[in-house]
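Residue numbers (my numbering): 18 to 238. Cβ atoms here follow ideal geometry from the backbone N, Cα and C, with glycine treated the same way. Remember, it's a predicted structure, so these values are computed and weren't measured experimentally.
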Ligand SMILES: [Zn+2]
């Protein structure tokens, strides 16, 4: 495409942008504040835009690259989004430290990193593994499917179980080996899975630990 067309394409890309905010970590609407472009030494064009995350109001800068097509003069092709500033943070899991079993927590962290790197399928696979590790830690049978392990978990409330049942990737995973369960997984499903795991960890590990600590402190008084 010609240079003029790159501008049009970039303007379409930044209009009503929805992306993961590196500040509040939610999938949010980015309100466009400013955009411009510059040419790099190799004649590729970098467009950049400053956005405000609508929910948390913080600023984000993103770049979008078009590179020169080596086979024809004056022809540019879109490479796509490049950098995002600030960079997405390493997931903040300090609230789970010392409460959630290490193997479940390590898988969870890896899943969050996959999610930040736009790999929702890898993210949900490892989120499932994390949940399963936690359920086994709490006594679930290794022989059962994840959905059965959830059903049998007497320490979970009805609400938590119902939420888990509504998350499609927790059920039916191994029921039809020929079907590709990951095919339809997108960022939205991966985000909901992450949110579920956070609440699961809070309920199953963090809260009981806080209660125990609070009791210890009261009995010391
Ligand atoms: Zn935000």
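Residue from the options with nearest C-alpha to residue i
{"i": "residue 24", "options": "234, 56, 44", "result": "56"}
{"i": "residue 36", "options": "87, 133, 224, 21", "result": "133"}
{"i": "residue 39", "options": "123, 19, 71, 28", "result": "71"}
{"i": "residue 69", "options": "98, 47, 212", "result": "47"}
{"i": "residue 84", "options": "218, 158, 61, 77", "result": "61"}
{"i": "residue 220", "options": "202, 152, 99", "result": "152"}
{"i": "residue 102", "options": "96, 82, 67, 158", "result": "67"}
{"i": "residue 211", "options": "165, 128, 123, 117", "result": "128"}
{"i": "residue 239", "options": "96, 104, 117", "result": "With the chain covering 18 to 238 only, the question about residue 239 has no answer from this structure."}
{"i": "residue 121", "options": "214, 51, 43, 230", "result": "214"}
{"i": "residue 22", "options": "33, 64, 80, 230", "result": "64"}
Spatial distance of residue i from residue j (CA atoms)
{"i": "residue 205", "j": "residue 236", "result": "45 Å"}
{"i": "residue 135", "j": "residue 224", "result": "31 Å"}
{"i": "residue 31", "j": "residue 94", "result": "17 Å"}
{"i": "residue 233", "j": "residue 146", "result": "33 Å"}
{"i": "residue 19", "j": "residue 58", "result": "18 Å"}
{"i": "residue 168", "j": "residue 178", "result": "7 Å"}
{"i": "residue 119", "j": "residue 78", "result": "35 Å"}
{"i": "residue 228", "j": "residue 49", "result": "45 Å"}
{"i": "residue 216", "j": "residue 108", "result": "15 Å"}
{"i": "residue 209", "j": "residue 156", "result": "25 Å"}
{"i": "residue 53", "j": "residue 88", "result": "27 Å"}
{"i": "residue 29", "j": "residue 141", "result": "30 Å"}
{"i": "residue 158", "j": "residue 203", "result": "30 Å"}
{"i": "residue 75", "j": "residue 184", "result": "31 Å"}
{"i": "residue 166", "j": "residue 160", "result": "9 Å"}
{"i": "residue 176", "j": "residue 218", "result": "15 Å"}
{"i": "residue 137", "j": "residue 125", "result": "13 Å"}
{"i": "residue 8", "j": "residue 180", "result": "Past the edges of the chain, shown from 18 to 238, lies residue 8, and the structure says nothing about it."}
{"i": "residue 45", "j": "residue 207", "result": "15 Å"}
{"i": "residue 154", "j": "residue 222", "result": "11 Å"}
Run of the alpha helix (DSSP H) containing residue i, from where it starts to where it stops
{"i": "residue 97", "result": "Unbroken run through residue 97 is the beta strand (DSSP E), 93-102; no alpha helix (DSSP H)."}
{"i": "residue 182", "result": "175-183"}
{"i": "residue 75", "result": "Here residue 75 belongs to no alpha helix (DSSP H), and DSSP marks it neither H nor E."}
{"i": "residue 214", "result": "204-218"}
{"i": "residue 133", "result": "119-133"}
6 Å CB neighbourhood of residue i in its chain, flanking five on each side removed
{"i": "residue 149", "result": "163"}
{"i": "residue 139", "result": "131"}
{"i": "residue 99", "result": "80, 82"}
{"i": "residue 27", "result": "64, 81"}
{"i": "residue 231", "result": "none"}
{"i": "residue 51", "result": "67"}
Close beta carbons around residue i, own chain, < 7 Å, minus the five adjacent residues each side
{"i": "residue 73", "result": "38, 40, 41"}
{"i": "residue 86", "result": "92, 93, 94"}
{"i": "residue 182", "result": "188"}
{"i": "residue 43", "result": "72"}
{"i": "residue 104", "result": "39"}
Proximal residues to residue i (C-beta, below 8 Å), its chain only, five neighbours per side dropped
{"i": "residue 97", "result": "81, 82"}
{"i": "residue 33", "result": "46"}
Residue i, enclosing beta strand (DSSP E) - first and last residue
{"i": "residue 68", "result": "62-70"}
{"i": "residue 36", "result": "34-37"}
Meets three-Cβ-pair contact criterion under 8 Å: the segment 196-215 and the segment 162-173: As far as the Cβ criterion goes, the segment 196-215 does not touch the segment 162-173, which means the pair count is below three.
contact_flag[the segment 100-115, the segment 180-190] where n(CB pairs < 8 Å) is 3 or more: Result no; under three Cβ-Cβ pairs closer than 8 Å.
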